[in-house]
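Just so you know, the sequence shown maps onto residues 20 to 235 in the numbering used here.
C-beta atoms are modelled at their ideal positions from N, C-alpha and C, and glycine is treated no differently.
For clarity, every value in this text was computed on a predicted model and none was experimentally measured.
Please read the structure below before turning to the comments.
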Amino acid sequence: MSLESTTVTSEAQLAELYRRPTESVLAKETQTFDDACRSFIDRSTFVVVSTSSADGELDASPRGGPAGFVKVLDGDRLAIPDLNGNNRLDSIRNIVQTGRIALLFVVPGLGETLRVNGAASVSIEDEILDLFTEELRRPKTAIVVTIEQGFVHCAKAFRRGGLWEPDTWPGVEERPSPGEMLVAHSGATDVTGAEVEESLERAYEHGLAYDLPESD
């Protein structure tokens, strides 16, 4: 059997495979950051930022902080601080190129998530950057998102994956080793995975401390 015969290539084929979404599913979208969205974002400590470059290369980047680290500016806009990282700037560069973004907000312990799609820009406006100085060090830039579509996503994926169920989590000895992955992907021969993980922990400690507000 050829690959072509087993690949879906049209929306008509999709319509044959999947039932049409209910009217309530289609109607659940919002185009503003209403009180319900604000409440969710105020309690979120983690958001996945998805972007694409001008030539179609994709990126999904995790961002985290204390509850409320993402600020809703008004009924249409929010701001995400760009905290210190590895300076690859994949998300930031993509936003500069295309001005588009998709977000997935997570609240610890809650299976439902909030999805936001819209336009994005990279801001250096003082009034926006100063919003983050109470909990965090003032960022160099902030991602400002203008909502075009927002909606709650159901909890089935989190429940299937047992994300908030510690009894289903792998033990320490069963978890993949980030250090070994970095060694394998970089081709390094003069360092072990364990040594890389020790270095990562030191870097995390330093980086997280750097994120805190500057002392007087």
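Residue i vs residue j beta-carbon contact at 8 angstroms
| i | j | result |
| --- | --- | --- |
| Asp61 | Gly87 | yes |
| Ile111 | Thr160 | yes |
| Phe177 | Gly137 | no |
| Gln50 | Glu167 | yes |
| Val44 | Phe124 | no |
| Ala121 | Val163 | no |
| Asn106 | Tyr229 | no |
| Leu133 | Gly190 | no |
| Arg156 | Leu219 | no |
Member of the options whose CA lies at the smallest distance from the CA of residue i
| i | options | result |
| --- | --- | --- |
| Asp53 | Ala176, Gly198 and Val171 | Val171 |
| Ala174 | Ile111, His225, Pro127 and Ala222 | Pro127 |
| Asn113 | Gly75, Pro81 and Glu146 | Gly75 |
| Val135 | Glu48, Gln116 and Glu144 | Glu48 |
| Leu77 | Gln116, Val66, Ser140 and Pro195 | Gln116 |
| Thr64 | Pro85, Ser218 and Leu231 | Pro85 |
| Ser140 | Val68, Arg194, Met200 and Glu153 | Val68 |
| Ala213 | Gly226, Leu227 and Pro195 | Pro195 |
| Arg57 | Arg96, Ser29, Asp149 and Glu42 | Arg96 |
Cβ-Cβ separation, residue j to residue i (assumed contact under 8 angstroms), whole Å
| i | j | result |
| --- | --- | --- |
| Arg119 | Ser71 | 7 angstroms |
| Gly198 | Glu224 | About 16 angstroms separates the two Cβ atoms, so there is no contact after all. |
| Asp109 | Ser80 | 6 angstroms |
Touching or not, the segment 87-95 and the segment 20-40, by the rule of three or more beta carbon pairs under 8 angstroms? no
Every unbroken alpha helix (DSSP H) within the segment 144-192, with a cutoff of 4 residues, ordered by chain: 145-148 and 175-180
In the segment 36-92, which residue ranges form an unbroken beta strand (DSSP E) of at least 3 residues, counting only runs that do not cross its ends? 65-71 and 77-83
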